[in-house]
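In what follows, a structure is listed as structure tokens, so that the remarks can point back to it.
Protein chains: 2
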Amino acid sequence: MASVGVDSEVTRIMIGVNESSIKGYPHASISSKSAFEWTLNKIIRSNTSGFKLLFLHVQVPDEDGFDDVDSIYASPQDFRDANRKDKINGSHLLEYFVNRCHDIGVVCEAWVKRGDAKEVICHEVKRVKPDLLVVGNRGLGPFQRVFVGTVSEFCVKHCECPVVTIKRSAEETPHDPVDD
Amino acid sequence: MASVGVDSEVTRIMIGVNESSIKGYPHASISSKSAFEWTLNKIIRSNTSGFKLLFLHVQVPDEDGFDDVDSIYASPQDFRDANRKDKINGSHLLEYFVNRCHDIGVVCEAWVKRGDAKEVICHEVKRVKPDLLVVGNRGLGPFQRVFVGTVSEFCVKHCECPVVTIKRSAEETPHDPVDD
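The listed protein sequences correspond, in order, to chains A and B.
Position 7 of the first sequence, counted from 1, bears residue number 14 in our numbering, the numbering being contiguous throughout.
Position 59 of the second sequence, counted from 1, bears residue number 66 in our numbering, the numbering being contiguous throughout.
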């Protein structure tokens with residue numbers, strides 16, 4: 008039988024993950040979880056030693072100002088506290104994915120970057136050179152997309168590696184589909 | 008250890024394949040082969056029993072008229088002969104992929120449809136419901152794309168399943184990158 012790259016290095020899959028946009032729910036977004044579960048169930052399957060997962064969470068500094076509406080900055084320390092809070096949220100998010108991988112026996116790495124999600128993801132793809140990038144997508148219609156932007160569309164166009172976009176299933180979509 | 012969908016059905020990956028556009032070379036295009044090899048090496052790896060490959064070749068009837076420039080149609084039989092020739096070409100193409108799968112031990116199916124490639128692929132995705140569609144792409148710049156169209160971009164936007172586009176590597180690109 009011909010070789011199927013059995014002896015080659017593991018397949019490295021980067022997954023872009025973000026926090027839920029639902030207020031007061033500091034966990035992974037529905038579309039991030041969909042992207043992760045799809046990768047496990049459809050690609051990795053039982054071949055846990057053939058893959059390595061790379062989780063990238065991009066924190067958007069002051070995304071829309073809402074988070075800072077009730078914040079009062081009176082000293083440099085206040086800014087440091089805010090930054091620390093952001094960082095803690097990021098690692099909390101990554102902990103979920105890393106723990107799941109650990110339970111299943113899939114090698115992984117996870118890290119947080121700050122900046123514009125789509126730009127940072129493409130930059131990290133260039134740096135880390137994964138075999139595949141998996142990103143979630145809310146599956147919004149064109150009208151809704153105008154307002155929320157689509158990181159996934161940008162990545163498909165600009166990232167220097169194969170990219171697959173995983174939409175949430177219909178039953179996972181919240182009442183307001185812009186929520187995630 | 009948690010389950011990773013080990014017991015679930017196989018992952019069904021559809022691969023859109025086409026003939027080389029290089030005149031007098033009736034074999035699979037470079038980008039089709041790239042898409043296929045990527046799927047084997049990066050996704051299926053050693054887990055040959057976990058996947059089923061579905062090869063779809065869409066024959067474009069009279070794509071640009073060039074094929075018919077030297078043909079003379081004098082009777083209904085001439086048209087039947089031309090159609091039979093098209094069909095033979097299509098099955099010859101699929102034979103390459105099916106043989107490779109057979110050698111490796113990956114279950115597969117392959118079929119030919121006629122029509123507009125992008126429309127037919129999306130239609131077949133709707134009908135067959137694969138877990139993933141893999142399509143090749145010549146990796147042309149925006150200027151060149153205007154003239155040759157991109158089936159892959161259409162599929163990414165419109166097909167009802169996750170889609171991944173595999174570009175040819177730089178060393179596989181022929182002298183004229185529009186050739187494939």
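Glycine included, each C-beta is placed from N, C-alpha and C at the ideal position.
Among the options, the one whose alpha carbon lies nearest that of residue i
i, options, result
"B/Tyr103", "B/Ser82, B/Ser39 and B/Thr18", "B/Ser39"
"B/Asp110", "B/Thr18, B/Leu47, B/Ile22 and B/Pro184", "B/Leu47"
"A/Leu140", "B/Asn54, B/Lys49, B/Tyr32 and B/Val65", "B/Lys49"
"A/Leu147", "B/His165, B/Arg19, B/Pro137 and B/Lys125", "B/His165"
"A/Glu26", "A/Thr18, A/Gly57 and A/Gly97", "A/Gly97"
"A/Val105", "A/Glu44, A/Ser176, A/Val17 and A/Arg175", "A/Glu44"
"B/Lys120", "B/Val67, B/Arg19 and B/Asp183", "B/Val67"
"B/His99", "B/Lys30, B/Arg19 and B/Val24", "B/Val24"
"B/Val17", "A/Ser53, A/Arg19 and A/Leu101", "A/Ser53"
Beta-carbon neighbours of residue i, restricted to chain A and to distances below 8 Å
i, result
"B/Ile173", "Pro169"
Interface residues of chain A facing residue i [CB-CB closer than 7 Å]
i, result
"B/Asp187", "The premise fails here: B/Asp187 is roughly 18 Å from chain A at the closest Cβ pair, so nothing lies under 7 Å."
"B/Val163", "Val163"
7 Å CB neighbourhood of residue i in its chain, flanking five on each side removed
i, result
"A/Cys108", "Leu60 and Cys115"
"A/Val190", "Residue numbering for chain A in the displayed model covers 8 to 187; residue 190 of chain A lies beyond these limits and cannot be assessed."
"A/Ala42", "Ile22, Val141, Val142, Gly143 and Ile173"
"A/Phe86", "Tyr80"
"A/Arg19", "Lys59, Leu61, Pro137 and Asp138"
"A/Gly122", "Val65"
"A/Phe161", "Lys125"
"A/Val163", "Val170 and Thr172"
Residues near residue i by beta carbon distance below 8 Å, same chain, minus five either side
i, result
"B/Val11", "For B/Val11, the predicted structure reports a pLDDT of 48, less than 50, and the residue's modelled location is therefore unreliable. A value from the coordinates is still provided. Closer than 8 Å at the Cβ level, and outside the excluded window around B/Val11, lies no residue."
"B/Cys28", "Inspection of the sequence shows that residue 28 of chain B is occupied by Ser rather than by Cys. Ser36, Val185, Asp186 and Asp187."
"A/Val113", "Leu47, Ile51, Thr55, Phe58, Lys59 and Leu60"
"A/Arg175", "Ile37, Ser38, Ser41, Gly143, Asn144, Arg145, Gly146 and Asp187"
Partner residues on chain B for residue i, Cβ-Cβ distance less than 7 Å
i, result
"A/Asn49", "First, the amino acid is wrong: residue 49 of chain A is Lys here, not Asn. Those are Thr18, Asp138 and Leu139, listed as they occur along chain B."
Chain-order list of residues whose beta-carbon lies under 6 Å from that of residue i (same chain, five-residue window excluded)
i, result
"A/Gly72", "Legend: pLDDT at A/Gly72 = 49, less than 50; position of this residue unreliable, value from coordinates given subsequently. So the list is empty, once near-sequence residues are dropped."
"A/Ser159", "Val142, Asn144 and Thr172"
"B/His34", "Ser27"
"B/Cys220", "Within the shown structure, residues of chain B are numbered from 8 to 187, placing residue 220 of chain B beyond reach of any answer."
"A/Val127", "Val65 and Lys120"
"B/Cys129", "His165 and Cys166"
"B/Glu179", "Ile37"
CB-CB length for residue i against residue j, believed under 8 Å
i, j, result
"B/Val65", "B/Ala124", "4 Å"
Interface flag, residue i vs chain C, CB-CB below 8 Å
i, result
"B/Val163", "The chain inventory of the structure shown lacks chain C, comprising the protein chains A and B."
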